[in-house]
Each structure stands twice: as structure tokens, then as C-alpha cells.
Amino acid sequence: MSSSLPYSVKDVHYDNAKFRQRSYLKVMTQNLLTGSRKRDCLSCSTGKFLVLLLVFGLAYLFLTSTPVHVPNQVAKVSESNEKGEFKINGGISFKNLWRRAPRLPPRLPPDEKGSNTSYHIDPNMLVSESLWISRQQKVKDAFIHAWSGYKRYAMGNDELMPLSQTGTDGLGGLGATIVDALDTAMIMGASDIVSEAGSWVEKHLLDRIKEKGDPKYSVAAMKVLEHMKNLPKVEGLVPIYISPDTGDFIGETIRLGSRGDSYYEYLLKVWIQKGMRENNNFTYLHDMYEEAMKGVKHLLVRKSVPNGLVFVGELPYGSNAAFSPKMDHLVCFLPGTLALGATKGMSRDEAMRKSLLSFDDLENLKLAEDLAKTCFEMYEVTSTGLAPEIAYFHTEEYSEQGLGGGNKKSKYIDDIIIKSLDRHNLLRPETVESLFVLYRITGNPKYRAWGWQIFEAFERHTKVSSGGYTSLDDVTSIPPRRRDKMETFFLGETLKYLYLLFGDSSAIPLDKYVFNSEAHPLPIEGNTPMK
Numbered sequence: 265m266s267s268s269l270p271y272s273v274k275d276v277h278y279d280n281a282k283f284r285q286r287s288y289l290k291v292m293t294q295n296l297l298t299g300s301r302k303r304d305c306l307s308c309s310t311g312k313f314l315v316l317l318l319v320f321g322l323a324y325l326f327l328t329s330t331p332v333h334v335p336n337q338v339a340k341v342s343e344s345n346e347k348g349e350f351k352i353n354g355g356i357s358f359k360n361l362w363r364r365a366p367r368l369p370p371r372l373p374p375d376e377k378g379s380n381t382s383y384h385i386d387p388n389m390l391v392s393e394s395l396w397i398s399r400q401q402k403v404k405d406a407f408i409h410a411w412s413g414y415k416r417y418a419m420g421n422d423e424l425m426p427l428s429q430t431g432t433d434g435l436g437g438l439g440a441t442i443v444d445a446l447d448t449a450m451i452m453g454a455s456d457i458v459s460e461a462g463s464w465v466e467k468h469l470l471d472r473i474k475e476k477g478d479p480k481y482s483v484a485a486m487k488v489l490e491h492m493k494n495l496p497k498v499e500g501l502v503p504i505y506i507s508p509d510t511g512d513f514i515g516e517t518i519r520l521g522s523r524g525d526s527y528y529e530y531l532l533k534v535w536i537q538k539g540m541r542e543n544n545n546f547t548y549l550h551d552m553y554e555e556a557m558k559g560v561k562h563l564l565v566r567k568s569v570p571n572g573l574v575f576v577g578e579l580p581y582g583s584n585a586a587f588s589p590k591m592d593h594l595v596c597f598l599p600g601t602l603a604l605g606a607t608k609g610m611s612r613d614e615a616m617r618k619s620l621l622s623f624d625d626l627e628n629l630k631l632a633e634d635l636a637k638t639c640f641e642m643y644e645v646t647s648t649g650l651a652p653e654i655a656y657f658h659t660e661e662y663s664e665q666g667l668g669g670g671n672k673k674s675k676y677i678d679d680i681i682i683k684s685l686d687r688h689n690l691l692r693p694e695t696v697e698s699l700f701v702l703y704r705i706t707g708n709p710k711y712r713a714w715g716w717q718i719f720e721a722f723e724r725h726t727k728v729s730s731g732g733y734t735s736l737d738d739v740t741s742i743p744p745r746r747r748d749k750m751e752t753f754f755l756g757e758t759l760k761y762l763y764l765l766f767g768d769s770s771a772i773p774l775d776k777y778v779f780n781s782e783a784h785p786l787p788i789e790g791n792t793p794m795k
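Each residue of the sequence shown is one higher than the one before, counting from 265 in the numbering used here.
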């Protein structure tokens, strides 16, 4: 090496080596032996004394330190940490000091920061499991309160009118609330209600119970699906009406809300319930589901302005006519269905470890999370914190003023339009259903937090002191006008999904059971039957 150059061979070796991982011992040794000042310091008695003091100090640190203990539960977030980062209290172990520094995780590009795919955990959402158990009990208490009103004023009728304190039969007079609520009571361990409901069913519906398990019903249902397989579709999407005489579709209205939702839900769920086996007689259902979801993404998914909420609109006059930015609350079943279709009921982490997620699966899971946020914002945007039956969304082509939800603090007050005839709330389950499924699949605690916020709004505005809960006429005003109706699905679905959302994820696992559109869990063929 030329003497004129401002560095030595030793410096070159150091520059080449510093990009390789080295132990802390090598770093310390090299720093002590190569620095000229340190060599001068070592040559004097004071320097030697300081070196010895350093060595003894490190030895004392290694011998007296305590290992870090990480509790089984989520580590407590430091209150002084404004960024919500985790800090674990504890000592320093010899092993932790000696190990190599961890590699930095890859950084997300700017457009992905803060997206649903890498969610930020709000410290307020990190509550103990004991608190969620107490919240689950509050849901059970709500179910018992709803049942008490029904039992007192409407036992045997289809539904309770809690304000009038009477019953009504609009669903065939089969005691629909009893039938819907029975398995909810079983899941919650409400044994008195199980006994009361079961006794009524045995006494009044015995003849119908005897037909349970008759294969003729399964054969008839599958004939309908097989027939629809061969009907013409628009990118997998179908009109909402079908003729019982000809078996052909009628009209051109395409939507995933009322009259259209269950078709898409059952394409997936029947295939799952039949065991999800490839090349069996039901594979065509999964193929139809995948084609339909591609059609949804291509023809029905849009973003609102000004804040970009992802929503699913309608084609009221067919695919060649104008798009409508209208989204029923019923469409909020879709986030849960998309997530279930992506992972087949297992958690996202497990599915990724097993390399089971395709690009379409990941895309559908992302869409599921985006739509779940929109469904929650339909609640958050109103004065009551409860969603309307129907919402419209501002787009570049569509806008109406003066039809907000009433919550001026909502970021999305200018994105969501709620027309006067659409402001009612029927205690529907679709949003909390999707929150339940997404929490099970992603583990993101925000879905529990959102579910609790919705439950609290039901408690504030729909609970009737004499027993039961009531639907509302207008969610944008306080106090809201009440409708005097407790739908059967409030006990059979809404409270059931909230109870499961706040409970242990091992209860009714989604890779062993599938919930039908009325929230009744059915064992997946080939798995352990429900006890």
C-alpha cells in the first residue's frame, strides 16, 4: 500500500470486515487493540487500571443480571409511549447480551403504511382476557333480557313487540324466535332457556322434528344449485329474481344486498360444509364462488370521495347500464365470507405458514378488511352509533348534500349518504358476523373493539326496560324513534356472533364448523360432529 494514501492495510481490512456480522467480543477486542489512543492508554498504569475495572464490571453485570420474563398475556404497553410500541420490563440476561443484534424488518413503501395489511394496534384495544370474559357475560345478560321479554309477552309467537308488550306472527306462526334462539342459548350455557325453548319445540313442532335428517331436503336443495350452474351469468354475477315456472332469471338487477346475498354466501359455504375436497361433486360451487368474487371486484367495488371508503354498489339495470353507489347493510356479510373463502376457516398466520394462500386469496382478504372498515364506519357516522338499513356513497359521479349520519366528529361524514327512508335499524347481524370471522382469522383486536362499540350502542338505544330490544326508525337522531319490533335474528344471530367474538377462539372453530345464513353452526363433513 502506498505510503501517500491516507489509510493503512489494516484500515482496509477493517472496512471490508465491518459489513460482516461479528461477535461483541471481536468488536471489543479490535477496538482495544487497534486504536492508537487506546494503545497509549494501555501503556500507562492508569489505563491498565481502567481496563481491569471494565473487565470486572462486565463480569459483575453478567453474573448478577436476571433474565427477561415475558408473561403469557400480551405485554403491557408503556403509558408514556405515545407511539404504542411494546416495552417489556426486566433485567438483561447473559444470553441476550451475547447474541447477535437482530436484523431490521423490511420497511413498507409509503403507500402501504397504515393500511389494513399491516395494522397499527391502538393501546386502548389491548385489554385483558378477563375483561373480554366480562364483556361476553354482558352479551349473555342481554340475551337473557331479550328472552325474558319474549317469554313474558310473546311465547309461541314468531316475534316480540316489546313496546306494545305483545307478540306477532309474520313468519308462519312457528315460534320463530324460539327456534332461532335455541342454539344461541346452548352456546351461551343458558340452561334454563334451553329447557324452556326445547320443551316448547318438542310440544308444538314434534311432527316437523321427526322429518329432521330426511335426505329429500338435501337432494331438492342441491338440484336448485345444479340448475343454476348452467344459467347465463355476468362475470359470475346473477340477477336477484328467478322464475319458479321456467327456472330462468328474471330482470337484470344485480346486487349483493336484499334477495341476492345468500346466493353468493352459499356457493362457498355449501362447498365448505361438504368437506372442501377437490374433484368431488361440489367443486363446481367453489368455482362459481371464485368467478363471482372476481365479478364483484370488477363490476361492483368502488371507492368513495373524499376519503376513499371501499364499498360494494349495485347494477339496478344490468351490467351495461348505470352503476348505483347504494350498499345495503345486508352486504356486510361479504367481508366475513371473503375472509372465510381465503383461508377456509384457519387463521391467516397458519394458512401463510402452510403456503395455502394464493394471490387471489390475499387480495380477497385485503378486500374483506377494507369492507369491514366501511361497514363499521356506517355505524360510527351516525348520532346513535348504529348503522342505517341502507347507505349511499359519494363518488365522482354521485353526490347529495344534507343527508349525513349526524356524527360530525366522523372522518367519513362527507362520504356516507343516508336518505330519510333508509335510516331505520333492524338489529341486524351482518357487520358483527364479519367482525367475528375476521377476528378469528386475523387476530386483529380492533374487530373486538368495534364489536364492543356496536354492542354498547344497542344497549343505549334499543333496550326496553320491561324486556326485549326494539328496532329503530331513525339512527341519525337522538333520542331515536322506536319501531316496536324485535326481529328473531337479534337472538339467533346478532347476540350469538357478539358472544363468540368476545370469547375463546377455540369455541366452534371455523375450520371445523360453518355457520349458515341464519348463524346456525353445522359441522363440516369429515370433522368431529358438534356435541
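The C-beta atom is built at its ideal place from N, Cα and C for all residues, glycine as well.
{"Item": "Mind listing, in chain order, the continuous beta strand (DSSP E) runs of no fewer than 3 residues lying wholly within the stretch 404-476?", "Value": "423-425, 430-432"}
{"Item": "At what residues does the alpha helix (DSSP H) containing R704 begin and finish?", "Value": "694-706"}
{"Item": "Between D433, S730, V739, which has its C-alpha nearest F722's C-alpha?", "Value": "V739"}
{"Item": "For L236, does the three-state DSSP call read helix, strand or coil?", "Value": "Because residue 236 is not part of the residues shown, which for the chain are 265 to 795, the question remains open."}
{"Item": "Let me know the alpha helix (DSSP H) ranges lying completely inside the stretch 528-576, each 4 residues or longer, listed in chain order.", "Value": "547-563"}
{"Item": "I need the straight-line Cα distance from K558 to L579, nearest angstrom please.", "Value": "15 Å"}
{"Item": "Just curious, the alpha helix (DSSP H) that F719 is in, first and last residue?", "Value": "710-726"}
{"Item": "Quick one: is E393 buried, meaning 16 or more other Cβ sit within 10 Å of its Cβ, or exposed?", "Value": "exposed"}
{"Item": "For K347, which of helix, strand or coil comes out of DSSP?", "Value": "Its pLDDT being 37, under 50, K347 is placed unreliably in this model, and the value from its coordinates should be taken loosely. In this structure, K347 counts as coil in the three-state DSSP scheme."}
{"Item": "Just checking my contact of Y662 with G605 at CB under 8 Å: how many whole Å lie between their CB atoms?", "Value": "In fact, because the Cβ distance is near 30 Å, the residues do not count as touching under 8 Å."}
{"Item": "Using the Cα positions of P785 and P709, report the straight-line distance between them to the nearest angstrom.", "Value": "23 Å"}
{"Item": "What is the C-beta distance between P652 and H688, in whole angstroms, given that I count them as a contact (C-beta under 8 Å)?", "Value": "7 Å"}
{"Item": "If you pair each beta-carbon of the stretch 692-708 with each one of the stretch 752-772, do three or more pairs fall below 8 Å?", "Value": "yes"}
{"Item": "What distance in whole Å lies between the Cβ atoms of C639 and P599, which are believed to be in contact at a cut-off of 8 Å?", "Value": "7 Å"}
{"Item": "Please say whether L438 and L489 have beta carbons closer to each other than 8 Å?", "Value": "no"}
{"Item": "Between A484 and the rest of its own chain, which residues show a CB-CB distance below 6 Å, the 5 nearest in sequence each way excluded?", "Value": "none"}
{"Item": "Of all Cβ atoms in chain D, is any one closer than 8 Å to the Cβ of A636?", "Value": "The structure shown contains no chain D; it holds only a single protein chain."}
{"Item": "In the DSSP assignment, find the unbroken alpha helix (DSSP H) run with D592 in it and report its ends.", "Value": "Segment 590-592 is the beta strand (DSSP E) holding D592; no alpha helix (DSSP H) there."}
{"Item": "Mapping DSSP to helix, strand and coil, what is T659?", "Value": "coil"}
{"Item": "Please state if the CB of G756 and the CB of R416 are separated by a distance shorter than 8 Å.", "Value": "no"}
{"Item": "Please classify F256 as buried or exposed, where buried requires at least 16 neighbouring CB atoms within 10 angstroms.", "Value": "The chain is shown from 265 up to 795; residue 256 falls before or after that span and cannot be answered."}
{"Item": "I'd like the list of long-range same chain contacts for L602, defined as Cβ closer than 8 Å, with 5 residues on each side in sequence excluded.", "Value": "M557, N628, L629, L631, A632, L635"}
{"Item": "Just the Cα atoms here: how many angstroms apart are P374 and L573?", "Value": "Because the pLDDT of P374 is 43, which lies under 50, any placement of that residue in the model is unreliable, and the number read from its coordinates should be weighed accordingly. Looking at the two C-alpha atoms, the distance is approximately 19 Å."}
{"Item": "If I follow the unbroken alpha helix (DSSP H) through Y777, where does it start and stop?", "Value": "That residue, Y777, is in no alpha helix (DSSP H); its beta strand (DSSP E) goes 777-779."}
{"Item": "So, with DSSP's three-state summary, where would you put G649?", "Value": "coil"}
{"Item": "How long is the line joining the alpha carbons of D768 and S507, rounded to whole angstroms?", "Value": "44 Å"}
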